[in-house]
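Chains as they are written, first to last, in our numbering: chain A, 67 to 551; chain B, 98 to 445.
The C-beta atom is built at its ideal place from N, Cα and C for all residues, glycine as well.
Reviewing the structure listed below.
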């Protein structure tokens, strides 16, 4: 049936049969990404293997007015790769080659389908690694990381994808080749590379990425510190940073989260603590010894009830294993969970956690918290059962309230997972119409016909007006200046 | 002064077809293509809006003197890790962000744009727009604040900026080693690939200077490993501010941005290397086409940074598709084309 589609015929002119999927049994695996609540069968899936094929697919689709949605490994949590029912899902999965590693220049040139963890594995013999380490790093791809500006647990010291990508190469929706940034710093003109990173695949299709590699720290040790109160743990984080220390990693988990994790991975967490902090130092042996001693003293003064410092690499990895496995661990104690991704100024942590605790009561749902404490990125996990329509509804309301609270305290609705389709309504809370209009103009500068990943990340003003209409707060509409429909 | 003051001025300019030159202390008037238009002085809109050291973030208004901001940060043991050049006492925060220039710390700590978290901008429609914020991780919407960093005021008036900070290093040391350029290039890159606290590097005339920053213990250990001779008066502020004797003289100054491992470029004139070799300053009166071609051949680009006479575009030309995107973005932010015309790209 799909074989009769004009776009399939056009793609067959230059793609082998195995690179075009259109039967339901073949396209079904692509119906969603990591946000499984949203599903849509793509009309066609294309699996190109060369840059030239990507360019021709884009030209064909642009000329036929067919939407294109790029996809990496499909691990994204915001529905950024949700397929178009009337378009082509462009899977970059076959772009799996590491093209070049230059140890002296500390640069890796890779294709977008290369998995994040592979880069560090291949750079390891040279004493180098790629710093961003999202929890999904064994599966997620560099192309997806570029789309979402992915973070990880070491962002505070080593930055996000944005800080570790030197250049990208690819095409506009019209098939025009684009090269942004490169191994030389400070490309002339506007910083279009910054715009492309985190653009959720809406500005260009990336076919090659130049990554910055860093020297692997000689050693790393982590302190696991227990607190009898979540707010005390939050204050301890501020004390560490206020003392002029930038830890390599600084993570917090509350008691419900450590309990869920401990059953699953046996990381050795203190189950009596109201919250635990993982506080890592890396560098030369001298630096680490010095920094660990300073951090221990600060945490002690801040009221840590127990502290354990990792004795060796195996123990360090075990302490981290619990944090990295937090999502799947929570997946085992609840039929479903909903992961949020707000970022807040750290000093508002206590207030936001109390707010979440109150919502747990209000909606009758549990919500463990894991927190990238160093950079203010909060991942509350609402536990629910998707088979219960009312629970799903309550979860959505719960999540919306949390994200709006993040904006209210001066934070953001998404720290690293992206807006996608999931948080598109909250964009109306984060931004006012003039900024949203500008985002749309930015998109038009790259994609005048609006065919690349349409409907994601940036809401229309009409959609915001509708959402605002549903959410009247204190008698005030969020956007009184908008016409109502 | 209030934001409304700027908004009124911009609205009037758009209505009357005037061109505006957005300007702080004017310390970087020499940079980019020659400024034109009626001057809008941003210095009246000054002050720190928010600063909490434990959040590692500061928010400042555009007219705040850069030196004043850095002093306040220093009093709290913090700094701008990209070490922006001032090029004069009158330098402002707004001008610093608009120019987008980073100093000696760039290769190790990151570029100015890496530390921009949020910007409040007045666009060509006189709208006050807010992008990004005060938090380190934020992927809501396109990263417009980093697009604005380094746009030389062509997209709007930067009214306010939030920057990520870093603690000032506990201790530091500068070492001097004698070696020829090719060996210096290899050495700088090799050290950058090792877990050493190298925070800046520079080579000129057979001398390699290396700065170490970090914990006292870490710096001591690294200094022993690297060797060389300790330098009492480090050159870094002279290199950053171009007061170092290298920058004296009336020949044009070129800024070559190259992959750090690009070989030594045999161009006539004097050279000073920074950033492990990825920034090369050239004092030379040779044909601009020769300089540009040499940079391009090694996948870099050349900017005519300072010259008594500039004609045409002092930046490397853009590929046609990129130039089109630039013009579309300019039209989106500044539809009437009133801000800093031609400063970044002729006609833009």
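**Prompt:** What's the C-alpha gap between residue 518 of chain A and residue 213 of chain B?
**Reply:** Their backbone Cα atoms lie some 28 Å apart in a straight line.
**Prompt:** Rounded to the nearest angstrom, how far is the Cβ of residue 219 of chain B from that of residue 242 of chain B, given a contact under 8 Å?
**Reply:** About 14 Å separates the two Cβ atoms, so there is no contact after all.
**Request:** State buried or exposed for residue 270 of chain A, treating a residue as buried only when at least 16 other CB atoms are found within 10 Å of its CB.
**Result:** Buried is the call here.
**Request:** Pick helix, strand or coil for residue 450 of chain A, following the three-state DSSP scheme.
**Result:** strand
**Item:** Where residue 168 of chain B meets chain A, residues with beta-carbon distance less than 8 Å
**Value:** Here the premise fails: no neighbours, minimum Cβ distance about 17 Å.
**Prompt:** Of all the CB atoms in chain B, is at least one closer than 8 Å to the CB of residue 265 of chain A?
**Reply:** Closer than 8 Å: yes.
**Request:** Can you pull the chain B residues whose beta carbon is under 8 Å from the beta carbon of residue 221 of chain A, in chain order?
**Result:** Near residue 221 of chain A (Cβ distances below 8 Å), the residues of chain B are 233 and 234.
**Prompt:** Out of curiosity, what's the CA-to-CA distance linking residue 110 of chain A and residue 104 of chain A?
**Reply:** Within the model, the alpha-carbon separation for residue 110 of chain A versus residue 104 of chain A is close to 18 Å.
**Request:** Look up residue 320 of chain A in the DSSP assignment and say whether it is helix, strand or coil.
**Result:** Taken through DSSP and simplified to helix, strand or coil, residue 320 of chain A comes out as strand.
**Message:** So, for residue 252 of chain B: in the same chain, excluding its five sequence neighbours on each side, which residues have a beta-carbon less than 8 Å away from its beta-carbon?
**Reply:** 218, 220, 244, 245, 426, 427, 430, 431 and 436
**Prompt:** Nearest to residue 172 of chain A by alpha carbon, out of B:380, B:420 and B:287?
**Reply:** B:287
**Asked** Can residue 366 of chain B and residue 381 of chain B be called in contact, C-beta distance under 8 Å?
**Response** Taking a C-beta distance under 8 Å as the contact criterion, residue 366 of chain B and residue 381 of chain B qualify as a contact pair.
**Which listed residue (A:158, A:293 and A:422) has its alpha carbon closest to that of residue 558 of chain A** = Not covered by the structure: residue 558 of chain A. The range shown for chain A is 67 to 551.
**Residues that residue 285 of chain A bridges to, as DSSP identifies them** = A:349
**Asked** With a Cβ-Cβ cutoff of 8 Å, do residue 99 of chain A and residue 142 of chain A count as a contact?
**Response** yes
**Item:** N-terminal and C-terminal residue of the beta strand (DSSP E) that residue 182 of chain A is part of
**Value:** Run containing residue 182 of chain A: none in the beta strand (DSSP E); it sits in the alpha helix (DSSP H), 182-189.
**Prompt:** Residues in its own chain within less than 6 Å of residue 555 of chain A by CB, not counting five upstream and five downstream?
**Reply:** Because chain A spans 67 through 551 in this model, residue 555 of chain A falls outside it and cannot be assessed.
**Whole-Å CB distance - residue 23 of chain A paired with residue 327 of chain A, under 8 Å assumed** = The requested residue 23 of chain A is not part of the displayed model; chain A covers only 67 to 551.
**Prompt:** Hey, is the stretch 372-380 of chain B in contact with the stretch 238-258 of chain A, meaning 3+ C-beta pairs nearer than 8 Å?
**Reply:** yes
**Message:** Which of the three DSSP states is assigned to residue 274 of chain A in this structure?
**Reply:** strand
**Asked** So, residue 118 of chain B versus residue 134 of chain B, is the Cβ gap smaller than 8 Å?
**Response** yes
**Request:** Provide the residue span of the alpha helix (DSSP H) that contains residue 191 of chain B, from first to last.
**Result:** 190-196
**Request:** Mind listing the chain A neighbours of residue 247 of chain B? Cutoff is C-beta to C-beta under 7 Å, in chain order.
**Result:** 257
**Prompt:** By Cβ distance below 6 Å, which residues in the same chain neighbour residue 266 of chain B in space, the five residues on each side in sequence not counted?
**Reply:** Only 310 and 311 meet the Cβ criterion.
**Prompt:** What does residue 372 of chain A pair with, by DSSP beta-bridge criteria?
**Reply:** A:292
**residue 112 of chain B to residue 169 of chain A span [Cα, whole Å]** = Within the model, the alpha-carbon separation for residue 112 of chain B versus residue 169 of chain A is close to 56 Å.
**Prompt:** Near residue 150 of chain B, what residues of its chain come up, given a Cβ to Cβ distance below 7 Å and the 5 sequence neighbours on each side ignored?
**Reply:** 173 and 175
**Item:** Simplified DSSP state of residue 542 of chain A, which is helix, strand or coil
**Value:** Note that residue 542 of chain A has pLDDT 45, beneath the 50 cutoff, so the model's placement of it is unreliable and the number below is only indicative. Correct three-state label for residue 542 of chain A: strand.
**Request:** With 7 Å as the C-beta to C-beta threshold (strictly closer), list the residues of the stretch 498-509 of chain A near chain B in chain order.
**Result:** Per Cβ criterion, the list reads 500, 501, 504, 505, 507 and 508.
**Message:** Residues in the same chain with beta-carbon distance under 8 Å from residue 329 of chain A, minus the five sequence neighbours each way, listed in chain order, please.
**Reply:** 395, 398 and 399
**Asked** Between residue 371 of chain A and the rest of its own chain, which residues show a CB-CB distance below 6 Å, the 5 nearest in sequence each way excluded?
**Response** Cβ within range, chain order: 292 and 294.
**Message:** Could you check whether residue 140 of chain B and residue 121 of chain B sit closer than 8 Å to each other, using their CB atoms as the reference points?
**Reply:** Yes, the pair counts as a contact, with Cβ atoms nearer than the cut-off.
**Item:** Three-state secondary structure assigned by DSSP to residue 433 of chain A
**Value:** coil
**Message:** Taking a contact to mean a Cβ-Cβ separation below 8 Å, would you say residue 477 of chain A touches residue 408 of chain A in this structure?
**Reply:** For the pair residue 477 of chain A and residue 408 of chain A, the CB atoms are nearer than the 8 Å cut-off.
**Item:** Backbone CA spacing between residue 144 of chain A and residue 236 of chain B [nearest angstrom]
**Value:** Residue 144 of chain A and residue 236 of chain B: Cα-Cα distance of roughly 12 Å.
**Request:** Give the residues of chain B in contact with residue 512 of chain A, contact being defined as C-beta atoms less than 7 Å apart.
**Result:** Neighbourhood of residue 512 of chain A in chain B, by CB distance below 7 Å: 422, in chain order.
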